[in-house]
Amino acid sequence: MGFLAPEEWQAVALSLRVSLLATAVSLPLGILVAHALARWRFPGKQILNGAVHLPLILPPVVTGYLLLLTMGTQGPVGGLLAEMGIVVAFRWTGAALAAGIMAFPLMVRAIRLSIEATDPGLEQAASTLGASPLWVFITVTLPIALPGIIAGAILAFAKAMGEFGATITFVSNIPGQTRTIPSAIYAFLQVPGGEDSAMKLVVVSVVVAMGALLASEILARRVAARVGGR
Numbered sequence: 002m003g004f005l006a007p008e009e010w011q012a013v014a015l016s017l018r019v020s021l022l023a024t025a026v027s028l029p030l031g032i033l034v035a036h037a038l039a040r041w042r043f044p045g046k047q048i049l050n051g052a053v054h055l056p057l058i059l060p061p062v063v064t065g066y067l068l069l070l071t072m073g074t075q076g077p078v079g080g081l082l083a084e085m086g087i088v089v090a091f092r093w094t095g096a097a098l099a100a101g102i103m104a105f106p107l108m109v110r111a112i113r114l115s116i117e118a119t120d121p122g123l124e125q126a127a128s129t130l131g132a133s134p135l136w137v138f139i140t141v142t143l144p145i146a147l148p149g150i151i152a153g154a155i156l157a158f159a160k161a162m163g164e165f166g167a168t169i170t171f172v173s174n175i176p177g178q179t180r181t182i183p184s185a186i187y188a189f190l191q192v193p194g195g196e197d198s199a200m201k202l203v204v205v206s207v208v209v210a211m212g213a214l215l216a217s218e219i220l221a222r223r224v225a226a227r228v229g230g231r
């Protein structure tokens with residue numbers, strides 16, 4: 002990309018990598034949690050709902066610090082993983098973990114609203130015909146909720162692309178390893194003459210964010226039209 006210098010392109014490529022991994026890994030769990038919040042009744046449901054949305058309320062630095070305490074090599078979970086040769090702190094995979102956690106509430110909310118908009122009568126009709134709950138979910142709920150799933154995944158991807166506070170706290174700002182677009186912009190603004198590089202990455206961020214939002218709307222409408230046509 003002639004528009005970007007190698008160091009700038011490196012940050013863009015890493016951000017795309019981190020965001021794609023964060024979205025892909027969190028999507029199955031996001032669908033499960035959204036379905037549980039929309040359809041199930043169980044003790045502690047409000048606690049789960051609060052925990053899911055907590056990253057939206059907490060300062061991102063707090064989320065990153067909590068990740069460092071638990072997933073760092075000296076933390077209870079990170080220590081066990083380190084013994085197995087898996088280290089996420091100060092690695093690009095850790096950046097994906099932090100970005101996924103910060104984007105998770107947006108994903109769950111979009112999917113949950115889509116599932117709640119699904120007519121429960123359709124699910125009940127499928128059940129009366131002998132379909133198991135899992136088969137009803139796969140063949141009825143998921144296809145109807147697909148626009149919300151797509152929208153949630155794309156919004157989560159865009160959010161992960163822009164995540165800064167939790168990421169820099171958990172994995173630092175290491176060029177070529179954990180320096181994503183927001184971290185690179187921050188780094189460029191700290192050195193004389195770095196404003197041009199920072200501005201170029203700002204333009205990339207705006208284009209990606211707007212593209213994600215437009216793609217979310219277009220894909221959701223097309224899928225909704227096809228589902229409605231059936």
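If you read the sequence shown in our numbering, its first letter stands for residue 2, the second for the next number, and so on.
Where a beta carbon is used, it is the ideal one built from N, C-alpha and C, also for glycine.
With 8 Å as the threshold, decide whether the Cβ of residue i is near any Cβ in chain B.
i: Met-85; result: No chain B appears in the structure shown, which is made up of a single protein chain.
Could you give the first and the last residue of the continuous alpha helix (DSSP H) run that contains residue i?
i: Pro-106; result: 93–117
i: Ala-132; result: Per DSSP, Ala-132 belongs to no alpha helix (DSSP H) and is neither H nor E.
i: Gln-75; result: Where Gln-75 is concerned, there is no enclosing alpha helix (DSSP H), given that its DSSP letter is neither H nor E.
i: Ile-32; result: 7–40
Given residue i, which residues of its chain have a CB within under 7 Å of its CB, disregarding the five upstream and five downstream residues?
i: Gly-13; result: Correcting the residue identity first, residue 13 is Val in this sequence and not Gly. Cβ within range, chain order: Leu-5, Ile-182 and Val-205.
i: Phe-171; result: Gly-65, Leu-68, Leu-69, Ala-90, Gly-95 and Ala-99
i: Met-2; result: For Met-2, the predicted structure reports a pLDDT of 47, less than 50, and the residue's modelled location is therefore unreliable. A value from the coordinates is still provided. Trp-10, listed in sequence order.
i: Ala-216; result: Ile-155
i: Lys-201; result: Phe-4, Leu-5 and Glu-9
Just how far apart, CA to CA, sit residue i and residue j?
i: Pro-176; j: Gly-79; result: 23 Å
i: Asp-120; j: Ser-27; result: 26 Å
i: Glu-196; j: Ala-210; result: 21 Å
i: Ala-157; j: Pro-77; result: 28 Å
i: Gln-125; j: Arg-40; result: 12 Å
i: Arg-222; j: Ala-152; result: 10 Å
i: Gly-149; j: Ser-20; result: 19 Å
Which same chain residues, not among the five before or five after residue i, have their C-beta less than 6 Å away from its C-beta?
i: Trp-136; result: none
i: Leu-190; result: Ala-199
i: Ile-169; result: Ser-184
Using C-beta distances below 8 Å, list every residue in its chain close to residue i, excluding the 5 sequence neighbours before and after it, in chain order.
i: Pro-56; result: Thr-64, Ile-102, Met-103, Phe-105, Pro-106 and Ala-167
i: Glu-8; result: Pro-176, Ala-185 and Ser-198
i: Val-53; result: Val-34, Leu-38, Phe-105, Pro-106 and Val-109
Kindly indicate which residue of the options has the alpha-carbon position closest to the one of residue i.
i: Arg-92; options: Glu-164, Gly-153, Asn-174 and Pro-29; result: Asn-174
i: Leu-22; options: Val-207, Leu-202 and Ala-161; result: Ala-161
i: Pro-60; options: Lys-201, Ile-87, Gln-75 and Phe-165; result: Phe-165
Cβ of residue i within 7 Å of any heavy atom in the ligand ATP?
i: Thr-24; result: This structure lacks the ligand ATP; in fact it carries no ligand of any kind.
What alpha helix (DSSP H) runs, 4 residues minimum, are completely inside the stretch 163–197? Whole alpha helix (DSSP H) segments, 4+ residues: 166–172 and 182–190.
4-residue-minimum alpha helix (DSSP H) runs that sit fully inside the stretch 42–70, ordered along the chain: Complete alpha helix (DSSP H) runs here, min 4: 46–58.
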